[in-house]
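Residue numbers (the UniProt record's numbering): 1 to 690.
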């Protein structure tokens with residue numbers, strides 16, 4: 001009787017797939033990658049057309065030996081690694097490491113780990129797709145070249161243990177640029193004006209928002225402007241000048257891609273990207289469902305396609321018709337329009353069986369697994385449903401030459417919203433009074449509600465918004481977002497407080513060196529173009545070594561120039577006037593994982609260290625002692641008094657020696673401007689830079 005071997009990546013999949021196949025099949029796991037470039041050297045033969053030197057990963061010898069034994073016994077070996085570039089490359093490495101005969105070895109892929117999908121894949125095996133393998137090889141070699149050639153430059157300039165990366169350096173730059181934007185932001189004053197009106201025959205008042213004139217919208221920029229408008233309309237007659245009724249629809253969302261799942265899970269469930277991917281992997285590889293055994297409950301989790309298979313689409317429509325009614329089933333399927341090449345061999349992320357509702361699986365899933373599965377299930381169901389319909393009424397109210405507006409909307413058909421509402425969906429205005437307004441309605445002014453506001457700076461990046469930006473710029477691919485963010489957090493270039501990402505002192509140093517010495521590596525367009533080239537390698541339009549040949553000489557030249565510049569700068573520990581209380585030596589400034597600190601130069605005999613409080617030459621506006629650079633527990637920089645905790649002064653922006661000429665308060669630096677620390681004062685002037 002014939003015997004077949006199926007090789008997958010993870011032991012979790014072995015358990016799930018074994019159940020679907022008969023006794024003539026054995027299932028074994030490679031535990032991820034089995035070969036890679038060596039850690040101790042570049043591992044690329046630059047002299048001989050950039051040939052990679054692959055070696056067996058340490059600890060994988062026994063796994064490969066067992067797989068060889070199993071492969072010898074088998075009549076056919078099916079390589080069933082993940083259905084993407086990386087999975088294809090792992091299959092190719094396995095075939096090479098196990099010395100598999102081409103006639104004996106076949107490649108199979110499935111988008112979901114279900115009985116039907118696995119059995120169907122065995123009926124249509126194929127050869128290894130070398131275009132996919134080459135695209136992955138090119139990515140791996142580019143990343144290795146950037147990491148192994150630039151990191152030593154950072155070690156020489158700052159400290160050992162730092163690293164550069166093709167995608168991580170761009171992500172770091174995006175965060176640094178956003179921080180600079182926020183620091184340089186100067187709030188602009190504006191005012192809101194609401195008219196509280198009495199409606200004849202109604203007990204409740206109506207609140208109308210100031211719009212402007214009949215012809216244009218007006219922003220009220222100051223108290224003087226506000227007073228002028230209020231004075232003009234104080235004694236005017238208020239009457240309805242226009243009533244518009246309309247209908248608005250809100251389209252159903254598309255099913256999840258890797259990026260949109262990470263963004264929505266962050267907003268709704270407060271999951272980090274790494275956590276989302278870890279839990280999605282568990283749902284994909286298989287969950288032990290009571291009465292059903294182990295089965296994969298979602299499709300493959302690394303995808304940038306919103307396509308859905310015809311079978312899954314038909315099943316979803318049938319389910320929606322049975323549970324919600326025919327009027328809820330979408331007429332046709334929306335498709336995501338994109339200029340970028342997407343990995344369309346994949347489907348979007350969806351449940352493997354829509355009739356497997358979150359409620360029916362609740363007992364079989366952990367709390368986090370349940371919450372993520374519910375999010376995926378609801379989004380997929382919603383994507384196959386009709387839009388939500390709203391009846392809208394917009395009313396303009398005249399007061400002399402000025403206009404106020406009030407509007408409301410009412411759901412007339414909930415459509416997909418019977419299943420799913422997005423995290424950042426705005427709350428619908430619902431003002432019952434507006435329904436009764438007509439041109440004849442009598443209105444009378446009761447009072448005005450005025451408020452002062454200030455424009456807000458751009459928001460700090462969160463993991464979700466960083467993923468969204470990387471995707472929009474075409475940087476990285478679904479599989480790279482989570483590891484990229486983990487790396488910059490792990491290296492302490494970036495810190496996370498609440499949900500926000502902030503650059504640390506060490507991150508600023510690394511980013512500045514990268515911008516100065518390797519501008520193309522941190523250029524978002526260059527990195528996005530490189531992704532485009534890798535896509536062309538996957539399509540067989542460009543040879544993978546051509547990409548490397550064009551890239552490496554420029555990198556090599558930039559590294560050599562940076563090394564020469566560094567040689568001319570002798571980097572020595574900066575000696576301070578702080579005396580080590582243990583041995584009496586003058587302490588020196590060193591760089592650690594969180595930035596600068598004071599250390600005794602007598603190490604290892606004397607191991608005394610202490611925080612380095614760098615004075616900025618400005619006196620504390622509260623107590624007159626020195627202002628120093630401090631850091632939060634997670635490494636975010638701020639300015640505080642050296643007399644802390646007795647003095648509570650702190651500022652995120654650098655304080656200036658100069659006092660505000662308008663109100664006498666202290667001023668802070670924002671980009672190239674000096675700004676009064678009191679927003680309400682609003683004094684601003686250009687900063688004279690040395």
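Note that CB positions come from ideal geometry on N, CA and C, so glycine has one too.
{"Asked": "With a CB to CB cut of under 7 Å and the five nearest residues on each side skipped, what residues in its chain are close to residue 8?", "Found": "14, 17, 27, 29, 80 and 81"}
{"Asked": "Using three-state DSSP, classify residue 500 as helix, strand or coil.", "Found": "strand"}
{"Asked": "Are the region 500-520 and the region 470-481 in contact at 8 Å, needing three or more beta carbon pairs?", "Found": "no"}
{"Asked": "Sort 542, 78, 577 and 36 by Cα distance to residue 4 and report the nearest one.", "Found": "78"}
{"Asked": "I'd like to know whether the C-beta atoms of residue 488 and residue 171 end up nearer to each other than 7 Å.", "Found": "yes"}
{"Asked": "Can you tell me where the alpha helix (DSSP H) with residue 294 in it begins and where it stops?", "Found": "Careful: residue 294 lies outside any alpha helix (DSSP H), inside the beta strand (DSSP E) at 293-295."}
{"Asked": "From what residue to what residue does the beta strand (DSSP E) around residue 686 run?", "Found": "684-686"}
{"Asked": "Grab the span of the alpha helix (DSSP H) containing residue 467 for me, first residue to last.", "Found": "463-472"}
{"Asked": "Since residue 625 and residue 614 should fall inside the 8 Å C-beta cutoff, what is the C-beta to C-beta distance between them, to a whole number of angstroms?", "Found": "Actually they are not in contact, since the Cβ atoms of residue 625 and residue 614 sit about 14 Å apart, beyond 8 Å."}
{"Asked": "Under DSSP, the alpha helix (DSSP H) around residue 156 begins and ends at which residues?", "Found": "130-157"}
{"Asked": "In chain order, what residues of the same chain have a beta carbon less than 8 Å from the beta carbon of residue 461, not counting five sequence neighbours either side?", "Found": "174, 175, 178, 469, 500 and 501"}
{"Asked": "I'd like to know if the region 199-207 and the region 539-549 are in contact, where contact means that at least 3 CB-CB pairs between them fall below 8 Å.", "Found": "no"}
{"Asked": "Just reading off the alpha helix (DSSP H) that residue 352 is part of, what are its end residues?", "Found": "That residue, residue 352, is in no alpha helix (DSSP H); it is neither H nor E in DSSP."}
{"Asked": "Quick one: is residue 210 buried, meaning 16 or more other Cβ sit within 10 Å of its Cβ, or exposed?", "Found": "buried"}
{"Asked": "Look up residue 579 in the DSSP assignment and say whether it is helix, strand or coil.", "Found": "strand"}
{"Asked": "For residue 685, count neighbouring Cβ atoms within 10 angstroms of its own Cβ and tell me buried if that reaches 16, exposed if not.", "Found": "exposed"}
{"Asked": "Tell me the DSSP secondary structure of residue 377 in three-state form.", "Found": "helix"}
{"Asked": "By a C-beta neighbour count over all protein chains shown, 10 Å radius and 16 as the cutoff for buried, is residue 214 buried or exposed?", "Found": "exposed"}
{"Asked": "Counting only the same chain and skipping the five closest in sequence on each side, list residues whose C-beta sits under 6 Å from that of residue 276.", "Found": "262 and 265"}
{"Asked": "Starting from residue 450, trace the beta strand (DSSP E) in both directions and tell me its first and last residue.", "Found": "443-454"}
{"Asked": "Please classify residue 59 as buried or exposed, where buried requires at least 16 neighbouring CB atoms within 10 angstroms.", "Found": "exposed"}
{"Asked": "Kindly provide the ranges of any alpha helix (DSSP H) runs that are 4 or more residues long and lie completely inside the region 246-303, ordered along the chain.", "Found": "258-269 and 273-285"}
{"Asked": "For residue 532, which of helix, strand or coil comes out of DSSP?", "Found": "helix"}
{"Asked": "Please classify residue 368: does DSSP put it in a helix, a strand, or coil?", "Found": "helix"}
{"Asked": "Report the CB separation of residue 303 from residue 497 in whole angstroms; it is logged as a contact under 8 Å.", "Found": "Contact flag wrong, Cβ pair sits at about 31 Å."}
{"Asked": "Give a single yes or no on whether residue 552 has its beta carbon closer than 6 Å to a heavy atom of the ligand MN.", "Found": "The ligand MN is not part of the structure shown, which contains no ligands of any sort."}
{"Asked": "Mind checking which residues open and close the alpha helix (DSSP H) that includes residue 170?", "Found": "168-184"}
{"Asked": "Below 8 Å, how does it come out for the region 227-244 and the region 315-325: are there three or more Cβ pairs, yes or no?", "Found": "no"}
{"Asked": "Hey, is the region 236-243 in contact with the region 390-406, meaning 3+ C-beta pairs nearer than 8 Å?", "Found": "yes"}
{"Asked": "If contacts are defined as beta-carbon pairs under 8 Å, then residue 305 and residue 347 qualify, I think. What distance do you get, rounded to the angstrom?", "Found": "6 Å"}
{"Asked": "Should residue 636 be labelled buried (16 or more other beta-carbon atoms within 10 Å of its own) or exposed?", "Found": "buried"}
{"Asked": "Please state if the CB of residue 612 and the CB of residue 589 are separated by a distance shorter than 7 Å.", "Found": "yes"}
{"Asked": "Terminal residues of the continuous alpha helix (DSSP H) containing residue 322?", "Found": "310-324"}
{"Asked": "Contact between the region 434-446 and the region 269-285 is defined here as three or more beta-carbon pairs at a separation below 8 Å; is this criterion met?", "Found": "no"}
{"Asked": "Rounded to a whole number of angstroms, what is the C-alpha to C-alpha distance between residue 549 and residue 141?", "Found": "11 Å"}
{"Asked": "Looking at C-beta atoms only, is the number of pairs between the region 387-394 and the region 244-257 that lie closer than 8 Å three or more?", "Found": "yes"}
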